[in-house]
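*Asks:* Numbering (numbering that gives the first Met the number 0), first residue to last: 0 to 265. Idealized CB from N, CA, C, for every residue including glycine. The structure is given below, and queries will be raised subsequently.
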Amino acid sequence: MRTRGPRAAAALALALSWAAPCLSRSAGDEVVLVQQASVAERHASSAQAQLTRLGSRLALESGVVPPETCDRYPAACKAPFNCHMHTHRSVFKDMTQKTDGHPNPNAWCHTPYLKFAIECIIDGDHVKAAHSLYDVQSEKVRNMDAQYCFAAGHCNTSTSDPERFKAFNRSNIGVNTTIQEMEEECNRIYGEVWKHKALTDFFHANADGMGKKNEYAQMACAMGNWHCDATYCREFYCHDEVWSNTYWYKARPGGKPNPHYPPPKK
């Protein structure tokens with residue numbers, strides 16, 4: 000029998016628990032049981048497969064802020080995070096509604112990357128935050144992140160046409176950039192779009208949307224970490240030989256893939 004990883008097993012167990020009340024226990028219903036289990040497994044597999052930078056859809060939707068969060072991360076229960084007052088329903092629909100169109104770090108309270116967000120937004124240590132994020136990413140998500148870094152423009156420091164390609168200019172973004180300065184850049188590049196993003200948008204967003212159309216970047220603005228994403232990209236992807244040769248074309252309008260560096264198989 001093919002073995003499953005712990006995350007897949009957990010997902011299957013949860014899905015089976017949903018299906019359990021519908022299963023008949025009478026003799027002769029073995030076929031029904033098998034069919035129900037098969038459907039449940041497909042449901043769990045589908046939810047688990049919807050992988051995003053914030054983890055799987057199943058984990059995100061079923062997750063809650065654990066009781067020990069305030070003890071483990073005291074800063075999480077202070078402004079601007081206020082995880083002790085977190086209600087995931089609001090950020091699922093519109094992350095900046097509660098903050099009048101400004102970045103809302105409270106959205107991080109429902110993700111497995113709270114440490115990264117605190118180091119970025121409260122501590123202002125972009126490099127440390129970048130390493131914390133990279134250390135917990137799987138290879139599959141790193142591949143997703145690499146595409147995001149180049150396509151969003153985080154690896155660019157200038158552009159030949161600032162007006163037309165304003166998303167491809169990070170010359171004024173560095174390790175000392177504040178969240179207020181980040182917000183100004185988000186407004187300059189994306190206009191009002193980023194202010195109406197929902198946490199659930201991650202489930203259907205493409206990592207490699209080009210420039211100002213990149214939804215991952217727009218959501219990073221809404222969550223308050225866009226400037227730290229730029230540092231993260233520079234630390235691990237922009238100057239990496241393999242990643243840059245594989246995806247640098249995404250940072251150039253009209254760019255073509257390098258045939259000698261095909262992207263990893265999905």
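(1) Using the Cβ count rule (16 or more neighbours within 10 Å means buried), how would you classify A48?
(2) Which same chain residues, not among the five before or five after N142, have their C-beta less than 6 angstroms away from its C-beta?
(3) Inspect the beta-carbon positions of P102 and G190 and report whether they are closer than 8 angstroms.
(4) Can you give me the Cβ contacts of K92 inside the same chain, cut-off strictly under 7 angstroms, excluding the 5 residues immediately before and after it?
(5) So for V135, helix, strand or coil by DSSP?
(6) Which same chain residues, not among the five before or five after A74, have their C-beta less than 6 angstroms away from its C-beta?
(7) Looking only at its chain, what residues have a beta carbon closer than 7 angstroms to the beta carbon of P258, apart from the 5 residues adjacent to it on each side?
(8) Out of K194, M218, H195, point me to the one whose CA is closest to N205's CA.
(9) According to DSSP, is G254 helix, strand or coil?
(10) Is there contact between the segment 243–252 and the segment 142–151, where contact requires at least three CB pairs shorter than 8 angstroms?
(11) Quick check on DSSP: helix, strand or coil for K264?
(12) Does the Cβ-Cβ distance between A221 and W193 come in under 8 angstroms?
(13) What would DSSP say about I121, mapped onto helix, strand or coil?
(14) Roughly how many whole angstroms lie between the Cα atoms of R251 and D70?
(15) Would you report the Cα separation of T156 and N105, rounded to the nearest angstrom?
(16) Can you give the Cα-Cα distance for D207 and A216, rounded to whole angstroms?
(17) Can you say whether K249 is buried or exposed, counting buried as having 16 or more other CB atoms within 10 angstroms of its CB?
*Replies:* Considering the structure as presented:
(1) Mapped onto the sequence shown, residue 48 falls at position 49. Any reading at A48 needs caution, since the residue's pLDDT is 38, under 50, leaving its predicted position unreliable; the model's value is listed next. By the neighbour-count rule (16 or more Cβ atoms within 10 Å), A48 is not buried but exposed.
(2) The residue labelled residue 142 in the question sits at position 143 within the sequence shown. Around N142: P263.
(3) As a first step, residue 102 must be located in the sequence shown, where it is residue number 103. As a first step, residue 190 must be located in the sequence shown, where it is residue number 191. With respect to G190, P102 sits apart: the two C-beta atoms are not nearer than 8 angstroms.
(4) Taking the first residue of the sequence shown as position 1, residue 92 is located at position 93. A197.
(5) Here the question's residue 135 lines up with position 136 in the sequence shown. DSSP places V135 in helix when its eight states are reduced to three.
(6) Here the question's residue 74 lines up with position 75 in the sequence shown. Excluding positions up to five away in sequence, the list reads I117, I121.
(7) If you number the sequence shown from 1, residue 258 lands on position 259. Exclusion of the five residues before and after P258 leaves no residue of its chain whose Cβ lies closer than 7 angstroms to its Cβ.
(8) Here residue 205 refers to the residue found at position 206 of the sequence shown. The shortest C-alpha separation from N205 is found at M218.
(9) Sequence index remark: in the sequence shown, residue 254 carries index 255 (1-based). Here DSSP, grouped into helix, strand and coil, assigns G254 to coil.
(10) Yes, since at least three Cβ pairs between the segment 243–252 and the segment 142–151 fall closer than 8 angstroms, the two stretches touch.
(11) Position 265 of the sequence shown holds residue 264. If DSSP states are grouped into helix, strand and coil, K264 belongs with coil.
(12) Residue 221 sits at position 222 when you count from the first residue of the sequence shown. Residue 193 sits at position 194 when you count from the first residue of the sequence shown. Between A221 and W193, the gap from beta carbon to beta carbon is short of 8 angstroms.
(13) On the sequence shown, position 122 is the one that residue 121 refers to. If DSSP states are grouped into helix, strand and coil, I121 belongs with coil.
(14) As a first step, residue 251 must be located in the sequence shown, where it is residue number 252. As a first step, residue 70 must be located in the sequence shown, where it is residue number 71. One Cα belongs to R251, the other to D70, and the distance between them is close to 45 angstroms.
(15) Translated into positions along the sequence shown, residue 156 becomes position 157. Translated into positions along the sequence shown, residue 105 becomes position 106. T156 and N105 have their C-alpha atoms roughly 30 angstroms apart.
(16) For the purposes of this step, residue 207 is taken as residue 208 along the sequence shown, with counting starting at 1. For the purposes of this step, residue 216 is taken as residue 217 along the sequence shown, with counting starting at 1. Their backbone Cα atoms lie some 10 angstroms apart in a straight line.
(17) Position 250 of the sequence shown, counted from the first residue, corresponds to residue 249. With 16 or more other Cβ atoms inside 10 Å of its own Cβ, K249 counts as buried.
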